[in-house]
Amino acid sequence: MPDVLPPVKVRRGLVGFMYRYPTIAFGGALLLAMLLIAVLAPYLGTVDPTALAPAKRTRSPSAEYWFGTDMFGRDIYSRVLYGTRISLMVGLSVAVLASMAGLIVGLVSGFVRWADGIIMRIMDGMMSIPPILLAITLMALTRASVSNVITAITIAEFPRVARLVRSVVLSLREQPYVDAAVAAGTRTPMIIMRHILPNTLAPMTVQATYICASAIIVEAILSFIGAGTPPTNPSWGNIMADGRALWQVKPFIVFFPALFLSLTVLAVNLLGDGLRDMLDPRMAKRL
Amino acid sequence: MVATIPVMAIVALFVFSLLYIAPGDPAAVIAGEQASPEDVEKIRRNLGLDRPFVTRFGEWSWQILHGDLGTSMFTGLPVTTLIAQRLEPTLSLMMVTLILSVTIAVPMGVIAAWKAGTWIDRGLMAFAVFGFSVPVFVVGYVLAYIFALELDWLPVQGYTPLARGFGPWIENLILPSVALGCVYIALIARITRASMLEVLQQDYIRTARSKGMGQRGILFVHALKNAAVPIVTVIGIGIALLIGGAVVTESVFAIPGLGRLTVDAILRRDYPVIQGVVLLFSFVYVLVNLAVDLLYTVLDPRIRY
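Chains as they are written, first to last, in the working numbering: chain Z, 595 to 881; chain E, 2 to 306.
So, in C-alpha cells, the structure goes:
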C-alpha cells in the first residue's frame, strides 16, 4: 500500500525544536533577551541610573528620556535596564541555592530514616508560613541588601524542593534496580550518584524554574514595600515604590518596571511549562 | 489531625526564635534614651529577658495559649488589640477574593477540560499563564488605572466598613479582590482542568453519556464531583498566596488591614507585632488545610482517617 500513509515529516535542528516546543523557544528567547539587557545595560544608551537631576523631575517619556524621569529626575529607562540585573540575579541565585539546599535536605530525609520524621515536621512548619510573609519577616531581622534578600527567599522556598526530592527518593528506593544495586553491595553514595540524582534532575529543573519566577516576584514585592533591595540600588520593586505616591498623575513611573517584571516572569514561567512538557510527557497530557 | 499540633508548635518555635535573635534590645527601647545601664538591666530583669531561651519560650507559649500576643514596642498597645482593629478589612478582602476566584476559576477549568485542545482551551490556559506571571501589584495598578481613574466606575482606593452598607463595602473591594484573585484563579483553573481531564476519561462518564445524560449534567454532576479532591486541595494551599498577596494588595489600595499593619511593623521593626501577625496567619493557614483534609471524607467517602 504505497502512498496511503503520508511520510512523517521530521524536522531537525533548531527549527524542529522550536516547532515541537514553542513555549520553550518563546520563553527561552524572551529570557535570553532579558539576560542580554542585564549584561549589556551600560551599552544600551543608558546613563547613570542613580544620577539625580532635580531640575528634570517627573518628565513624561520623550526622545531624550525614553521612559521619562522619576521624582528625583533619575532616568527611568536606565533604572529599569539596570533593574534587570538585580531581578535576574535574585531569581537565578535563589533557584540554584534553593535547589541545592532542598536536594541535600531531601536526600538526607529520604535515606536517613530516623531523621526523616524530624526533618519533615520542620519543613511542614516552615511551609505553613506563607512564603512572602516568611521572607518579609526574615528581612525585618536583617539589613536591606541583595544578598539578604536572596537568603530570605531561599529559606522561604527550599522546603518545597526538599519535599519533592524526598518523594522521588522514596519512590525510587522501591524500584527493583535500586534493590538490585543494594543487593550487589553498591555503597549508598554510589546509588545516589548513579540512580537517584539522574532521576531527580528532571523534576528539580522544572521546580527550579518556578522557584526562579516566584523569587523574582517576591524580590519585587519586598522592594516595593520597602523591605528588600536597598533604595539606592535600582530594582524594579524600588522604582515602583518610588512611583507609588505619584502613580495617579504619573503612571509611567510604575508602568515600565511593571511591564519588564511581568515579561520576565512570563518568560520564566513559559520556560518552566515547556520544560515540564518536554521532560515528563505524561504530565503534558494532563496539565 | 493530630499532626497539626506539632506543626503549630514548630511554627511557634520558629516565630519565637525570630524575635529572640532579632537585633536591638527591647529593654533598651522601653527604657528610653536617657536610661542608665542599671535601669536597662532592671527592666530586663523585670521583663524576664535575662532568663534562658527554653524558659522564655515556655512562658511565651503559655501566654499565646491564653490569647496574649504581647505588647507592641511602638504603640504600647496589646498586639491582640491591634490585630482586632485591622481584622475586618483583611477578612473581607480575603473572603470576597475567595468567593470570586472559586466561582470564576472552577467553571473556567471545567470548560477548558471539556473543550480540551480547542482554541477556547488554549485561550483560557494562556490567560492562566498570564495570571501566574503578572504580579499582584501590577494587576492592581492596571485595574485601578482603567476602572477607577479612566472610567471612574469604582473608587481608586480605601476601605468602607461593612457596617456602612453592603454597596459601598463591595464597591471598594472589587478591584483589590480581582487583583489579588488573579494568581489564585490561574492556579485553581489549571488544577481543575487537569483533574477534570483525568476524570472525563473514566468509564462511568462514558456510561452516563450512553444513558443519554446531558453534557452539563455530566460535567458538573458526575465529573466535577469526582474531580473535586485536587481542586479543594489547591484551594486550601492557595490560601498562602492570598495571605502573601493581601499584604501587597492592601498597600496598593490603601486598605487599613493586617497587611498594612505588617508592613508598618516591619518598617518600624516592631517585632512583637510581626510575630503576632505571622503566627495568626500561619495558624489560619494550618486550620484551613486541616478543614480541607476533613472535607476529603465528605467529597470522597473512600477516604477515611
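Idealized CB from N, CA, C, for every residue including glycine.
Collapsing the DSSP output to three states places D669 of chain Z in a strand. At least one C-beta of chain E is nearer than 7 Å to the C-beta of N863 of chain Z. Between G820 of chain Z and chain E, the shortest Cβ-Cβ separation is below 7 Å. S62 of chain E and Q203 of chain E have their alpha carbons spaced roughly 50 Å apart.
E813 of chain Z is a Cβ neighbour of V684 of chain Z, given a cutoff of 7 Å. Scanning chain Z for C-beta atoms nearer than 7 Å to the C-beta of Y286 of chain E yields S722, P724, reported in chain order. For D718 of chain Z, the uninterrupted alpha helix (DSSP H) segment begins and ends at 707-721.
The criterion of a C-beta distance shorter than 7 Å is satisfied by V289 of chain E and I240 of chain E. No Cβ-Cβ contact shorter than 7 Å links I175 of chain E with L152 of chain E. Residue pairing by DSSP puts T663 of chain Z in a beta bridge opposite Z:D669. In the three-state DSSP reduction, T119 of chain E falls in the coil class, being neither helix nor strand.
Bounds of the alpha helix (DSSP H) holding Q801 of chain Z are 791-818. Proximity of the region 238-252 of chain E to the region 179-191 of chain E meets the contact definition, three or more beta-carbon pairs being nearer than 8 Å.
When CB distances to chain Z are screened at a threshold of 7 Å, the residues of the region 234-246 of chain E falling below it are A241, I244, G245, in chain order.
With 16 or more other Cβ atoms from the protein chains shown falling within 10 Å of its own Cβ, G719 of chain Z counts as buried.
Distance from the CA atom of P257 of chain E to the CA atom of V285 of chain E, rounded to whole angstroms, is 20 Å. At the C-beta level, A229 of chain E and G110 of chain E stay beyond 7 Å of one another. If you look at R760 of chain Z, you'll find it in the alpha helix (DSSP H) that goes 740-767. Around the beta carbon of Q801 of chain Z, a 10 Å sphere encloses 16 or more other beta carbons of the protein chains shown; the residue is thus reported as buried. Straight through space, the alpha carbons of A632 of chain Z and L857 of chain Z are spaced by roughly 14 Å.
Here V80 of chain E is not near L280 of chain E, since their CB atoms are 7 Å or more apart.
Residue contact with chain Z for L70 of chain E: absent (no Cβ-Cβ distance below 7 Å to any residue of chain Z). Put simply, the backbone Cα of L150 of chain E is about 7 Å away from that of V157 of chain E. Here the C-alpha atom of T104 of chain E lies approximately 26 Å from the C-alpha atom of R210 of chain E. For T56 of chain E, the enclosing alpha helix (DSSP H) has its first and last residue at 54-66. A Cβ-Cβ contact shorter than 7 Å links G866 of chain Z with T803 of chain Z.
Shown here, P725 of chain Z sits in a helix according to DSSP, grouped into three states. Within the region 142-155 of chain E, the residues whose Cβ lies closer than 7 Å to some Cβ of chain Z are Y142, Y146, L150, listed in chain order.
DSSP, read as helix, strand or coil, puts P79 of chain E in strand. Going by DSSP, I785 of chain Z is part of the alpha helix (DSSP H) stretching over 782-785.
Taking the Cβ atoms as the reference, T98 of chain E lies roughly 23 Å from L295 of chain E, outside the contact range of under 8 Å. Here N173 of chain E has P156, G159, Y160, T161 as same chain residues with Cβ atoms under 7 Å from its own Cβ, once five neighbours each way along the sequence are excluded. Per the C-alpha coordinates, the member of E:P7, E:I186, E:A85 positioned closest to R715 of chain Z is E:P7. In this structure, the alpha-carbon of Y676 of chain Z lies about 15 Å from that of T663 of chain Z.
Cβ-Cβ distances below 6 Å link G260 of chain E to A247, V248, E251 in the same chain, with the five nearest sequence neighbours on each side left out; the list follows chain order.
Using a Cβ-Cβ cut-off of 7 Å, D710 of chain Z does not count as an interface residue toward chain E, since no Cβ of chain E sits closer than that to its own.
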